[in-house]
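Structure first, then comments.
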Amino acid sequence: MKRLIEAVKVGLAAAYIVAAFWWSMPESFPLRPVVVALAERPFMFLGLWQGWDMFAPNPITADAFVSVVGTLEDGTTVEWEVTRMDRFDCFTRYAKERWRRYCNDHLRLNANSHLWSAAARWFAAALEREHGQRVVRLVLHRHSRPASLPEPDGSVPARSGWERYAFHEELLTR
Amino acid sequence: MELRACAVAAWNFLTRPVSPLPLGVYRCLFGILSVVNGALLAPDLLVWFGDDGLMPAELVPYSIGTGRLDILAWTGSTPTAVYGVFAAFMVAAILTALGLCSRAATIVLFLATVTLHHRNIHILSSGDTIFRLMSFLLMLAPSGAAFSLDRLIRVRRGLEAADVSRPIPPTAFRLIQLQLCLVYFATGYWKASGSMWMDGSAVFVVHQLGQFERFPLPDFAHTLWFSRIATWSTLAVELLAPFLVWFRETRRAALAALVLMHVGLEYAMTIQLFQPVIVAVLVVFLTEDELRAVARAIASRLLPHAAARRPAGPPSAAEHGADVAATCGHDRLDRLGRVVAGERAGVASQPQ
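Sequence lines, in order, name chains C and W.
In terms of my numbering, the first sequence has 31 at position 31, counting the first letter as 1, and numbering is strictly consecutive.
In terms of my numbering, the second sequence has 183 at position 9, counting the first letter as 1, and numbering is strictly consecutive.
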């Protein structure tokens, strides 16, 4: 009986490692679709899904941040650079890392457009608390600035400035 | 015949008892880091997980689908429920660090961790993935067998000898080791297909990204020659270390290279707890002798008088006892070659 229990444990352990290995490989890796299809339900339910493509296959080549521009009831506009990390001191940057993750890596992407309206309403409420006035319109902006890639001779061109693009507008009514 | 030998070696690797100490120390570090992780999360709890925050519950299926282990999906993301799950997380993390009710604590820690992660995946980083996976594997492991209040209580009650800790079944412990190797190998494999990692410019580019910057870097860190050294050595370490940690001759060098890489990343980049949480896992590749040596070194620094009163030299057989002799699960893998993950040691042997 003890042997049988051990065999089951070893079998499950082997299955876990095999599934985790194939799950972590790129889409084109041989047999990946088959193994992932078999492991998907238990892995997704238990939170065993994983991806180790940090800064890979290439690191991102542009800095980014998200800002919000709110129009107050009296017509003035206020801007909040929510995740302008390079302007924060190192302690704030550390504490606000999840904000960077949420805004810079997720919120700004079209693939996550389902997040935009809720985010706009939350940012509007935050601006209202800060300025003591109702926000009637809120626009989410993404900013990006490409990194300079080195030339073949090793020289580095100067970096360009920030580009700004409005990706969501929310009109807020009571 | 070779196939059979491999199967026997793999069986022994996954079933021969090992020392509980590396796992116990890792459990403690993991608990401490979970507490820190919770403390960093605390100020924005309702922003990330509440229905009036940035991620109302109705958006969760669009981000991660349905059919996920998520207690908040059953209770609703009311402030009370969110604070309740968070309180359970923090209590479980503290108990995990102390090794008190270890099994129950690690189960609750896993449930709370996976709930928070499934509630909002948009704030997670690779460090969080390590937290989630390791909490799952720790939950399966007898992590309170050593370096824990659980053990202290058992000793006080006369249920265990004070000088000898019992070897533990290794399966979950081995999974922790293998999972860590997988992390390094997979990330190295992904990077190896990237043009910037191959031409040596990846670190150069990353160092220009202000959003990741931690502390100011010296001028030479912004040069192409430094980038090439850092890029290619990162690639080499990530691809080779997962294999070299299993060989006695290269284990320490591989661990040192990994620690060095993470220290460099921790200085240069802000990725919250990723570096500490992955360095903590490296503890499971240390031998019991090495952990005791580290403990003695720390004690002699912090408590020099107490250390001076203790006899010098290696710990006695009574200190090590049968548990060390029984820790040699790795040596069965020698049938494959020279595979060792550290605990090969008779009572008299010391790390090489």
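Ideal Cβ placement from N, Cα and C applies to all residues, glycine included.
All figures in this text were calculated on a predicted structure; none of them were measured in a lab.
Between residue i and residue j, which are expected to be in contact by the criterion C-beta below 8 Å, what is the C-beta distance as a whole number of angstroms?
i, j, result
"V175 of chain C", "V82 of chain C", "Beyond the ends of chain C as shown, which are 1 and 174, falls residue 175 of chain C; an answer cannot be given."
"A255 of chain W", "L243 of chain W", "Not really, about 15 Å apart at Cβ, beyond 8 Å."
"G241 of chain W", "D324 of chain W", "35 Å between Cβ atoms; not a contact."
"L161 of chain W", "A415 of chain W", "A query on residue 161 of chain W cannot be resolved here, the shown segment of chain W reaching from 175 to 526 and no further."
"G301 of chain W", "F260 of chain W", "Incorrect: roughly 18 Å between the Cβ atoms, too far for contact."
"V406 of chain W", "P57 of chain C", "Residue identity differs from the one stated: residue 406 of chain W is Trp in this sequence, not Val. Actually they do not touch by this definition, with Cβ atoms about 15 Å apart."
"R306 of chain W", "G47 of chain C", "5 Å"
"E79 of chain C", "S117 of chain C", "Incorrect: roughly 20 Å between the Cβ atoms, too far for contact."
"L31 of chain C", "W22 of chain C", "7 Å"
"R402 of chain W", "T444 of chain W", "Incorrect: roughly 24 Å between the Cβ atoms, too far for contact."
"L465 of chain W", "P196 of chain W", "6 Å"
"A360 of chain W", "W122 of chain C", "Incorrect: roughly 35 Å between the Cβ atoms, too far for contact."
"S375 of chain W", "G198 of chain W", "Their Cβ separation, rounded to whole angstroms, is 43 Å, which puts S375 of chain W and G198 of chain W out of contact at 8 Å."
Taking its Cβ as the centre, do 16 or more other Cβ atoms sit within 10 Å of residue i, making it buried, or is it exposed?
i, result
"R330 of chain W", "exposed"
"L115 of chain C", "buried"
"M1 of chain C", "exposed"
"R98 of chain C", "buried"
"P26 of chain C", "exposed"
"T148 of chain W", "The first residue shown for chain W is 175 and the last is 526, placing residue 148 of chain W beyond what the model contains."
"H479 of chain W", "exposed"
"F91 of chain C", "exposed"
"S193 of chain W", "buried"
"D89 of chain C", "exposed"
"D165 of chain W", "The shown model of chain W, from 175 to 526, leaves out residue 165 of chain W, and the question about it has no answer."
"A39 of chain C", "buried"
"R108 of chain C", "buried"
"L398 of chain W", "buried"
"T173 of chain C", "exposed"
"I238 of chain W", "buried"
"G250 of chain W", "exposed"
"R93 of chain C", "buried"
"L127 of chain C", "buried"
"L228 of chain W", "buried"
With a CB to CB cut of under 6 Å and the five nearest residues on each side skipped, what residues in its chain are close to residue i?
i, result
"Y200 of chain W", "V457, V458"
"T71 of chain C", "T77, V136, R137"
"F284 of chain W", "S309, F310, M313"
"V419 of chain W", "R425, A428, F459"
"A64 of chain C", "N104, S144"
"Q133 of chain C", "L72, E73"
"H106 of chain C", "N112"
"I281 of chain W", "M313"
"M264 of chain W", "G212"
"V139 of chain C", "V69, A166, E169"
"P157 of chain C", "S148"
"C275 of chain W", "L269"
Can you give me the Cβ contacts of residue i inside the same chain, cut-off strictly under 7 Å, excluding the 5 residues immediately before and after it?
i, result
"G161 of chain C", "R145"
"V379 of chain W", "M370"
"P253 of chain W", "L220, G224"
"A395 of chain W", "H381"
"V411 of chain W", "A431, L432, M435"
"V400 of chain W", "Note that residue 400 of chain W corresponds to Phe in the displayed sequence, not to Val. If we look at F400 of chain W and ignore the five residues flanking it on each side, its Cβ neighbours are F394."
"R142 of chain C", "A64, V66, R108, Y165, F167"
"Q126 of chain W", "Missing from the structure shown is residue 126 of chain W; chain W here goes from 175 to 526 and no further."
Please work out which residues of its chain come closer than 8 Å, Cβ to Cβ, to residue i, disregarding the five sequence neighbours upstream and downstream, and give them in chain order.
i, result
"R328 of chain W", "E334"
"L409 of chain W", "G362, K365, A366, W371"
"K96 of chain C", "T83, M85, F88"
"L215 of chain W", "W222, F260, L290"
"A454 of chain W", "Y200, L203, F204, L207"
"Y16 of chain C", "L48"
"F29 of chain C", "W22"
"V18 of chain C", "V35"
"I452 of chain W", "G301, I304, L354, V357, H436"
"L188 of chain W", "P344, T345, R348"
Would you check if there are 3 or more beta carbon pairs closer than 8 Å linking the region 349-365 of chain W to the region 307-317 of chain W? Segment contact: the region 349-365 of chain W against the region 307-317 of chain W, three or more CB-CB distances shorter than 8 Å; contact assigned.
Give, in chain order, every unbroken run of the alpha helix (DSSP H) that is at least 4 residues long and sits entirely within the region 99-157 of chain C. You should have 116-131.
Are three or more beta carbon pairs between the region 429-441 of chain W and the region 293-300 of chain W nearer than 8 Å? Not touching, per the Cβ criterion.
Fully enclosed by the region 317-380 of chain W, which alpha helix (DSSP H) runs are 4 residues long or longer? Those alpha helix (DSSP H) runs which fall completely within the region 317-380 of chain W and span 4+ residues are 323-330, 345-366, 369-373, 376-380.
Which ranges does the alpha helix (DSSP H) cover as unbroken runs of at least 4 residues, wholly within the region 408-457 of chain W, from first to last along the chain? Entirely contained in the region 408-457 of chain W, the alpha helix (DSSP H) runs reaching 4 residues are, in chain order, 422-442, 448-455.
Please give me, in chain order, every unbroken run of the alpha helix (DSSP H) with length at least 4 that falls completely inside the region 228-306 of chain W. Taking 4 residues as the shortest admissible run, the region 228-306 of chain W contains the following complete alpha helix (DSSP H) segments, listed from N- to C-terminal end: 234-238, 245-249, 253-272, 276-293.
Quick one: complete beta strand (DSSP E) runs, 3+ long, within the region 63-89 of chain C? Secondary structure remark: continuous beta strand (DSSP E) runs of at least 3 residues inside the region 63-89 of chain C, in chain order: 77-81.
Any chance the region 203-212 of chain W sits against the region 264-283 of chain W, with 3 or more Cβ pairs inside 8 Å? Between the region 203-212 of chain W and the region 264-283 of chain W, the count of C-beta pairs closer than 8 Å reaches three or more; the two stretches touch.
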